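If you read the protein sequences in the order shown, they are chains A and B. Letter by letter, the first sequence follows residues 348 to 643 in the numbering used here. Letter by letter, the second sequence follows residues 348 to 643 in the numbering used here.
There are 2 protein chains.
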Amino acid sequence: MDTDTLKTLQEVAARGSFAAVARARGVDPSNVSRTVAQVEAQLGFRLFQRSTRAVQPTEAGALYLARIAPLLEELDQARDAAAQVVAQPAGRVRLTASVAFGTEVIVPLLPGLRTALPEVSLEMVLSDENVDLLAGQIDIALRLAPAPKGDLISVKLMDTGYRVVASQDYLARHGRPTAPQDLSAHEVLRMTLPDHRAQWQFRRDGVTEAVPVSGPLLMSNVLALRAAACAGLGPALLADWLVAEDLAAGRLVDLFPGREVAASGFETAAWLLYPSRAYLPRKVRVVIDYLRGALG
Amino acid sequence: MDTDTLKTLQEVAARGSFAAVARARGVDPSNVSRTVAQVEAQLGFRLFQRSTRAVQPTEAGALYLARIAPLLEELDQARDAAAQVVAQPAGRVRLTASVAFGTEVIVPLLPGLRTALPEVSLEMVLSDENVDLLAGQIDIALRLAPAPKGDLISVKLMDTGYRVVASQDYLARHGRPTAPQDLSAHEVLRMTLPDHRAQWQFRRDGVTEAVPVSGPLLMSNVLALRAAACAGLGPALLADWLVAEDLAAGRLVDLFPGREVAASGFETAAWLLYPSRAYLPRKVRVVIDYLRGALG
DNA sequence: CTACGCGGTGCGTGGAGTGCAAAAAAGAAT
DNA sequence: ATTCTTTTTTGCACTCCACGCACCGCGTAG
C-alpha cells in the first residue's frame, strides 16, 4: 500500500471525481480508476460507490479514509522530524519581545548568537502588544508573564526584579531618600499601568511595606520612563534588566539596594514561550537553548 | 512510500541484518539492500549504518522507525476496522421504496426482520420519486420495475398483479358487474398514470380483452385511490399487495377473481435493486436475503 | 591463511504500470 | 424525446521498473 496511493484516495474523496483528480495530478483518468480499484481489491471492500457522474465514499470507505488521514500526516511529520536530526540547524527564526526587553536584553546577545549559530538568522519582531504567535508565524516569544492559556510552552528564562532609581543630579537637587517612606514626599515617575500607579512595595528581611506614591508624570513606555529618570525628572520604578547598564555607568542610582522592590507581586520573571508542536524545528530548538543558556 | 517497504525497514532494525530479513521474506538479499537504499534516497538521510558484519540504525533512522511503527500499526487497524464494517451483518441499512409499497409490504415484515437480524437497523426512505441511490446513500431500492440501465443489480422480489375492487356498499348501490365489459357503464376510479387511464385489460384462459373505462375521479396516489374505493366512490384497479388486507377484511370485493387484470402489461413484479454485486456489505446482503425469503 | 557470510552492484528478463482509444452510461441541453 | 458532453471502465500496446542471479569487496572466524 503506497502512501501516494492513499493520498490519491483522499483527493478522490475531496474532489468527488476521478477525472478531476487525474487532471490535477496530470495523469490519465484510467490511472486513478485503476488505483482505486486495486486498493479496493487489496482491502477487500469497496471504497467508493461510483457512477459515471458521481463518486461517493461508501460507509466503510469514509471510515477508512477518515482514519488514515491523520496517519499520513504523521508519516510525513516523522520524516521531517528525523530529517531534522541530521540537518544543520539553519533557517530563519522569528522571535518577538517587547521593545524594551528586545533592545536591552536580546540585542546584546546577538553577537554571541551569531557566532554560535551562524546558520540561523534571527528575525526580531519588537512590539509591546501581544503578538499572536500562530498568525504572526512567530517561533519564539519572550514575555514578562507566562503563557496564560493554550498550547504554548512556557519556560522561565530568568528571574526579574525592580529597582527604584533616580539620577545623580535629581538626588543632588531634592535629596536622597533614606527610607522608602520618604518617597511620598517626592514627585515620582510612574507607568500608566494600574499596578504601578498607586503604590510601590518594598521588602527586606521578610518584612513588606507599601509606600503610596504620586507625581504629575505618567508614561506608557518604560524606555521613555527610563530616559526621564536619567534626565533627572524624578525617581522611577524600573526593571532591573532595564537599568543595569545605567546603574553600572552611574547615570542612575539605586535608591534602595538592600530591598526587594515590586509594583504588584515580587515574583516576576521573564518567560520564553513557544508553540507546542509535536516536533520543534531544530533551528528553533537551538535558539531556545542558546537563550536559556545565556540568560538562565 | 510503500507500507510494505516500511515494514521491511522495521524488520531490518529488528533482525539487524539484511540477509536475515531476505531469508525471512523469501526474497533476494539485494532486494532488501536496494529497498533500504531507495528509502534513504527518498527520505534524504541514512537510516542504517552498515558494515559487512553489522547493521545499526542511525540516530535519525531510529527516531524515524520509532515514530512510524505505531502508524503502520494503526494503518492496519484502520483497514481491519473498515473491513469489519462490511463483514459484520450489523449496522444501518438504508432502504428506499414507494410510500405505498413500503407501508403495505415492507412495514409488516419489520417485526420479523428485527428478530431475525437484531443487529441490523433499517432506515426506510419512502418516496414515490426515484431516489438517486448514490446521492442518497441507499443500499437497497424496491421498485415496481427492473433497473432500466446502469450498474444496478436487479432481482425479482415477487410477482405482482392487479385486482379490480369495489366496496360492498358501492356494489349494493350500483350493482355488481358480472363481466369486465360491464365496467364501461361505471364511473371508475383511475390513476393519473397514462397507462391506467384509457382502458383496463383482463385475461382468462389465455384470452385477453381490453375494456375502456372512464370516470370523473383521477388520483395520483394509490393510497388515496384505495381509500376512495373503500369509501364506495367506485371500482378501482389496484395492486394485489395493496388490497390483500382489505379483501380479507371484507372492506373491498374482488370483482373478477377468476381473471388476471392489468393496466398495461400482465408481467408485473416487484424488483429489488442494489448497487454493484462486488464488495456488497454483509449487512446489506443479509437484508436482501431476508426480503427475498420473505417475499419471493 | 583460508573459507564463509555479509552488503553492494551490474545485468538481463518478465511483469506491472502507463497512456491511448474506445465503449458504456448518466446527466445536461436542445 | 433525442442528442451531446462528460465520466468511468476496460482492452491494448508499450515502456520501464523491479526482480533474481551472479559477482565483487570485505571482514571475521576457525
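Backbone N, C-alpha and C fix where the C-beta goes; we use that ideal spot for every residue, glycine too. Computed from a predicted structure; not experimentally measured.
Shortest alpha-carbon distance to Arg510(B) belongs to which of Asp423(B), Arg598(B), Arg426(B) and Leu589(B)?
Residue Leu589(B) is the option with its Cα nearest to Arg510(B).
Under three-state DSSP, which class holds Ser474(B)?
Correct three-state label for Ser474(B): coil.
Option in Gln389(B), Ala545(B), Ser567(B) and Ala596(B) with minimal Cα separation from Ala430(A)
Per the C-alpha coordinates, the member of Gln389(B), Ala545(B), Ser567(B) and Ala596(B) positioned closest to Ala430(A) is Gln389(B).
Could you check where the alpha helix (DSSP H) with Val379(A) kicks off and where it finishes?
From DSSP, the alpha helix (DSSP H) with Val379(A) extends over Pro376 to Leu390.
Touch test, the region 484-504 of chain A against the region 554-571 of chain A, Cβ-Cβ under 8 Å, three pairs minimum
Result no; under three Cβ-Cβ pairs closer than 8 Å.
So, Lys630(B) versus Gln484(B), is the Cβ gap smaller than 8 Å?
No; because the gap between Cβ atoms is not below 8 Å, this pair is not in contact.
If you measure beta-carbon to beta-carbon, which residues of the region 537-563 of chain B are closer than 9 Å to chain A?
The residues in question: there are none.
At 4 residues or longer, what runs of the alpha helix (DSSP H) sit wholly inside the region 524-610 of chain A?
Counting whole runs of 4 or more residues, the region 524-610 of chain A contains the alpha helix (DSSP H) stretches 541-544, 569-577 and 587-596.
Can you find a CB in chain B that lies within less than 8 Å of the CB of Asp636(A)?
Not flagged as an interface residue toward chain B: Asp636(A), since no C-beta distance is shorter than 8 Å.
Residue(s) in a DSSP beta bridge with Gln515(A)
According to DSSP, Gln515(A) bridges with nothing at all.
Looking at chain A, is there any beta carbon in it that lies within less than 8 Å of the beta carbon of Ile639(B)?
Per the sequence shown, residue 639(B) should be read as Arg rather than Ile. Chain A places no beta carbon closer than 8 Å to that of Arg639(B), leaving this residue out of the contacts.
Count the other CB atoms within 10 Å of the CB of Thr355(A); is the residue buried (16 or more) or exposed (fewer)?
Its Cβ being crowded by 16 or more others within 10 Å, Thr355(A) is buried.
Along chain B, which residues have their Cβ under 7 Å away from the Cβ of Ile415(A)?
Leu422 and Ala425, listed in chain order.
Let me check one thing: in DSSP terms, what residues is Tyr621(A) bridge-paired to?
Per the DSSP secondary-structure output, Tyr621(A) pairs in a beta bridge with Ile500(A).
Less than 8 Å between the CB atoms is what I'm expecting for Leu652(A) and Tyr637(A), so what's the real figure, rounded?
A query on residue 652(A) cannot be resolved here, the shown segment of chain A reaching from 348 to 643 and no further.
Rounded separation between Ser474(A) and Leu442(A) - CA only:
Their Cα atoms are separated by approximately 11 Å.
Do Val560(B) and Arg523(B) count as a contact pair if the criterion is CB distance below 8 Å?
Against a cut-off of 8 Å, the Cβ pair of Val560(B) and Arg523(B) comes out as no contact.
Neighbourhood of Phe392(A) by C-beta distance below 7 Å, restricted to the same chain and skipping five residues each side
Hits under 7 Å: Ala407.
Taking C-beta pairs closer than 8 Å, name the residues in chain A that Gly391(B) reaches, listed in chain order.
Near Gly391(B) (Cβ distances below 8 Å), the residues of chain A are Ala430.
Against chain A: residues of the region 618-632 of chain B by CB proximity under 8 Å
Flagged, chain order: Pro622, Ser623, Ala625, Tyr626 and Pro628.
Leu481(A) touches chain B at which residues, Cβ-Cβ below 7 Å?
Chain B residues near Leu481(A): none, gap ~24 Å exceeds 7 Å.
Three or more C-beta pairs below 8 Å linking the region 540-555 of chain A and the region 608-615 of chain A:
A contact exists between the region 540-555 of chain A and the region 608-615 of chain A.
So, with DSSP's three-state summary, where would you put Thr615(B)?
Note: Thr615(B) maps to strand in three-state DSSP.
Do you know whose CA, among Asp351(B), Ser380(B) and Thr350(B), lies nearest Gly363(B)'s CA?
Per the Cα distances, Ser380(B).
Candidates Pro458(B), Tyr621(B), His533(B) and Ala519(B): which alpha carbon is nearest Ala444(B)'s?
Ranked by Cα distance from Ala444(B), the first of Pro458(B), Tyr621(B), His533(B) and Ala519(B) is Tyr621(B).
Residue environment, Gln396(A), which counts as buried when at least 16 other CB atoms sit within 10 Å
When all chains shown are included, Gln396(A) counts as buried.
Check whether the Cβ atoms of Leu504(B) and Arg639(B) sit closer than 8 Å, and answer yes or no.
In terms of Cβ geometry, Leu504(B) and Arg639(B) form a close pair [threshold 8 Å].
Contact belief for Val633(B) with Ile487(B) at Cβ below 8 Å, rounded distance in angstroms:
Val633(B) to Ile487(B), Cβ: 11 Å. No contact.
Hey, Leu422(A) and Ile415(B) are a contact pair by Cβ (cut 8 Å); roughly how many whole angstroms apart?
A Cβ-Cβ distance of about 6 Å is found for the pair Leu422(A) and Ile415(B), placing them in contact under the 8 Å criterion.
Local conformation of Tyr509(B) per DSSP, three classes:
In the structure shown, Tyr509(B) sits in a strand (DSSP, three-state: E or B).
Near Val402(B), what residues of its chain come up, given a Cβ to Cβ distance below 7 Å and the 5 sequence neighbours on each side ignored?
Excluding sequence neighbours, Val402(B) sits near Val359, Gly363, Ser364, Phe365 and Phe395.
Can you tell me which of Ala513(B), Gly553(B) and Ala574(B) puts its alpha carbon nearest to the alpha carbon of Glu534(B)?
Selected option, being the one with the closest Cα: Ala513(B).
Got a sec: is the Cβ-Cβ distance from Gln396(A) to anything in chain B below 8 Å?
So yes, Gln396(A) belongs to the interface.
Quick one: give me the first and last residue of the alpha helix (DSSP H) that Gly459(B) is part of.
First-last of the alpha helix (DSSP H) with Gly459(B): Leu457 to Ala463.
Report back the beta-carbon spacing between Leu530(A) and Pro582(A) to the nearest angstrom; my notes put them in contact at under 8 Å.
So it is a contact: roughly 6 Å between Cβ atoms.
What does DSSP give as the partner residue(s) for Thr443(A) in the beta ladder?
BP columns for Thr443(A) point to Val472(A) and Ala488(A).
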